[in-house]
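Chemist: Numbering (this note's numbering), first residue to last: -8 to 192. I'd like to ask some things about the structure below.
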C-alpha cells in the first residue's frame, strides 16, 4: 500500500523498466470499470494491478520461479521509484478446505448463542463468519501474521496475511521485500498444522 501514479506504472513501463522485457513485448490487459477504472496486466506470467493506493503483484500459478520473479519485481519497483511513500507491504495466501477437511481446533462459527443480543441491537447474523488471530513470528521483528478462519455457507477458508506496517520506514520496507517464496512455504506449514482430514465411518 502506498501512493502510486498509475499514469507512470502502466503495462508498457512495467514490462520495460521492471521486468526488462524488449520494447513491444506482448501482454494481456483487463479493465475493471467501477467508481474508478483499474488495470490488470499479465506480464511474464505475473499479474500487475496498480491503483492509486495499492500495487498488487500476483503470480498466475504456483511456481517457484514465478515466486522469485514476483520478489524481484517488487524489489525493482521500489528501487526504481524510491520516493513513492510505502504505507504497508503484505503477502496474502488463501486455502479453500476440501469436503473432508476441517480446522483441527474446531472454531465455533455458530452465532445462534448471540441471537438475542443481536436482536437487541437490530442485527441479524449472515451466512458467513470470520474468526481472526494475529500473531508475531520469531525472527521477524516488524511482521504481524493475521490468520482468518472463514466460513461462507458450506465452505471453509484459511486466509493468511503476512503484514508489515511500513509507514515509509526504509528499515521495515527492506525487511519486508523479497519474502514471497519464503512466506509461501510458511503458509503451507500453517495449513498442515491447522487443517485436518476427517475420517467418516
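Yeah, the Cβ is synthetic: ideal placement off N, Cα and C, and Gly gets one too.
(1) Identify the continuous alpha helix (DSSP H) that holds residue 56 and give its terminal residues.
(2) Assign residue 4 to buried or exposed, taking buried as 16 or more other Cβ atoms, counted over all protein chains shown, within 10 Å of its Cβ.
(3) Could you give the distance in angstroms between the alpha-carbon of residue 26 and the alpha-carbon of residue 41?
(4) Residue 233 and residue 127 look like a contact to me (Cβ under 8 Å); what is the Cβ gap, rounded to whole Å?
(5) Counting C-beta neighbours from all protein chains within 10 Å, is the total for residue 141 16 or more, i.e. buried, or is it exposed?
(6) Determine the extent of the alpha helix (DSSP H) in which residue 162 is found, giving its start and end residues.
(7) Output the distance between the C-alpha atoms of residue 72 and residue 37, rounded to the nearest integer angstrom.
(8) In the structure shown, what three-state DSSP assignment does residue -2 receive?
(9) Going by DSSP, which residues form a beta bridge with residue 156?
(10) Ends of the alpha helix (DSSP H) at residue 106?
Modeler: Checking against the coordinates, here is how it stands:
(1) The residue given as residue 56 occupies position 65 in the chain shown. Counting along the chain, the alpha helix (DSSP H) containing residue 56 begins and ends at 55 to 71.
(2) Within the chain shown, numbered from 1, the residue matching residue 4 stands at position 13. By the 16-neighbour rule on beta-carbons within 10 angstroms, residue 4 is exposed.
(3) On the chain shown, position 35 is the one that residue 26 refers to. On the chain shown, position 50 is the one that residue 41 refers to. A caution first: residue 26 carries a pLDDT of 49, below 50, which makes its placement in the model unreliable, though a value can still be read off. Pairing residue 26 with residue 41, the inter-Cα distance amounts to about 15 Å.
(4) Because the chain in this structure spans residues -8 to 192, residue 233 falls outside the shown range and cannot be described.
(5) To locate residue 141, count along the chain shown from 1; it is residue 150. By the neighbour-count rule (16 or more Cβ atoms within 10 Å), residue 141 is buried.
(6) Indexing the chain shown from 1 puts residue 162 at position 171. Counting along the chain, the alpha helix (DSSP H) containing residue 162 begins and ends at 161 to 167.
(7) Reading the chain shown from its first residue, position 81 is the one you call residue 72. Reading the chain shown from its first residue, position 46 is the one you call residue 37. Going by the C-alpha atoms only, they are around 19 Å apart.
(8) Counting from 1 along the chain shown, the entry for residue -2 is found at position 7. Assignment of residue -2 by DSSP, reduced to helix, strand and coil, places it in the coil class.
(9) In the chain shown, residue 156 corresponds to position 165, counting from 1. In the DSSP output, where bridge partners are listed per residue, residue 156 has 79.
(10) The residue given as residue 106 occupies position 115 in the chain shown. Membership of residue 106 in the alpha helix (DSSP H) is indicated by the continuous run 106 to 111.
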